[in-house]
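Here's the structure, in structure tokens; my notes come after.
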Amino acid sequence: MVLVVCDMVQSSELAQYLLALLHLFMGIEKEDRECNNKGQLRGSLAIAYDIACKFSKTIARSPLKSLAQWSSYLPVIGTMHGYAHKCLCQLLFLMLYIVRCGLEDGEGDERFFSSSNSLAPITRHQSAFHCRRAISEFLYYKDIETYASTSKFLYENDKQALAITGT
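Mind the numbering: the sequence shown is residues 16 to 182 in this note's numbering, read in order.
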């Protein structure tokens, strides 16, 4: 399910987008936990990014540092991009070697980008309004598709678990 979308205007602004998204997610999480007296997170907030090793240094020097520490920010590199990094970087950041990441590959965003590339020829010459409208429609139907496939996945797993346990 898509929570937030950024309209990237220039590729030279890449770090700004991720910093803004991290601030949004970590800020909302902290505010929600404080309002509902849930206390600090017990686990870590793992964020997979192609260059998480370099980006973790950016976070450490940014105003987000204290919020990242509060959220137990854990920068990780997805399995597809990890093998392009140096050995030490792989050992420290590759999801394959981080116990708390489970079976996730960290490449869900790449799969999303691949499916959203079909919008490029449609939106290339549209006005800003029509471009955003097309993206909004795409995201609406993508969410419906994701909800349906997640529901089916959960149903099939539940059915399989019940068959195994004999109940």
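Glycine included, each C-beta is placed from N, C-alpha and C at the ideal position.
Assign residue i to buried or exposed, taking buried as 16 or more other Cβ atoms, counted over all protein chains shown, within 10 Å of its Cβ.
i	result
F168	exposed
H145	exposed
G123	exposed
D4	What is shown of the chain runs 16 to 182, which leaves residue 4 out entirely.
C68	buried
G121	buried
I92	buried
H100	buried
Going by C-alpha to C-alpha distance, which of the options sits closest to residue i?
i	options	result
T161	Q84, G93, S130, M41	S130
L109	A143, A63, R57, K80	A63
G117	T94, E49, S71	T94
I43	K72, Y32, S86, A30	S86
R115	K101, C102, A143, P90	P90
I150	S164, T165, N132	N132
A75	K53, L34, C50	L34
Q84	G58, C50, E119	G58
Enumerate in chain order the residues of its own chain whose CB-to-CB distance from residue i is below 8 Å, with the five nearest sequence positions on each side excluded.
i	result
R212	Residue 212 is absent from the model: the chain starts at 16 and stops at 182.
L36	V19, C21
A30	F70, T73
A143	none
A178	none
L134	A149, I150, F153
When the distance is taken between beta carbons, is residue j closer than 7 Å to residue i?
i	j	result
V17	L154	yes
L60	Y88	yes
Give me, in chain order, the residues of the same chain whose beta-carbon lies closer than 7 Å to that of residue i; leave out the 5 immediate sequence neighbours on both sides.
i	result
H96	D65
Q175	none
L203	Beyond the ends of the chain as shown, which are 16 and 182, falls residue 203; an answer cannot be given.
Please work out which residues of its chain come closer than 6 Å, Cβ to Cβ, to residue i, disregarding the five sequence neighbours upstream and downstream, and give them in chain order.
i	result
R126	none
| query | Between the region 77-88 and the region 97-116, do three or more beta carbon pairs fall short of 8 Å? | reply | As far as the Cβ criterion goes, the region 77-88 does not touch the region 97-116, which means the pair count is below three.
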